[in-house]
Amino acid sequence: MLDQNVPVITVLVPGAVYEKTLSNAQEARARKAKMICVAVDGDEQATKTFDAVLAIPPVDELFSPMTSVVPLQLLSYFIADYLGKDVDQPRNLAKSVTVE
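All letters in the sequence shown, in the order written, are residues 1 to 100 by the numbering used here.
In structure tokens form, the structure reads like this:
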């Protein structure tokens, strides 16, 4: 399923699953997928493996989800905006959110 038309977005931060995540990313790279990564600033493995790296500051593993989510949210926002999607009124929002 992966090819040059399918982007792969990966969060690659130091911790217990770093090597496994990197290995999975390298498999996707072998299938010519476009590779985007959120990684700690200065991570040479990320720079070698991915087409684009969204750098985050180095923090303790416990806090890495908090620093990783912001670049992903911004990426989602800018992709939706680029595609002309209404970022303030996403489709199917009424089906999943009830306002009282």
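Glycine included, C-beta positions come from ideal geometry on N, C-alpha and C.
Treat the numbers as computed from the prediction; the structure is a model and nothing was measured.
Inter-residue spacing [alpha-carbon to alpha-carbon] between residue i and residue j
i, j, result
"Thr67", "Ala30", "28 Å"
"Phe50", "Glu27", "12 Å"
"Gln45", "Pro71", "19 Å"
"Asp43", "Tyr82", "28 Å"
"Ala155", "Leu22", "Since the first residue shown for the chain is 1 and the last is 100, residue 155 is missing from the structure and cannot be characterised."
"Asp41", "Thr47", "10 Å"
"Glu61", "Val69", "14 Å"
"Leu74", "Gln89", "16 Å"
"Cys37", "Val6", "14 Å"
Beta-carbon spacing of residue i, residue j below 7 Å
i, j, result
"Val13", "Ser64", "yes"
"Leu54", "Ala33", "no"
"Met35", "Val59", "no"
Where the beta strand (DSSP E) containing residue i begins and where it ends
i, result
"Val53", "52–56"
"Leu2", "Careful: Leu2 lies outside any beta strand (DSSP E) and carries neither H nor E."
"Lys34", "34–40"
"Pro7", "7–12"
Local Cβ density within 10 Å of residue i, reported as buried at 16 or more and exposed below that
i, result
"Ile79", "exposed"
"Ala25", "buried"
"Thr10", "buried"
"Ala39", "buried"
Residue interval of the alpha helix (DSSP H) (run including residue i)
i, result
"Ala28", "18–30"
"Met66", "64–82"
"Ala46", "44–49"
Residue i beta carbon near the ligand FMN (any heavy atom closer than 6 Å)
i, result
"Ile36", "The ligand FMN is absent from the structure shown, which contains no ligands of any kind."
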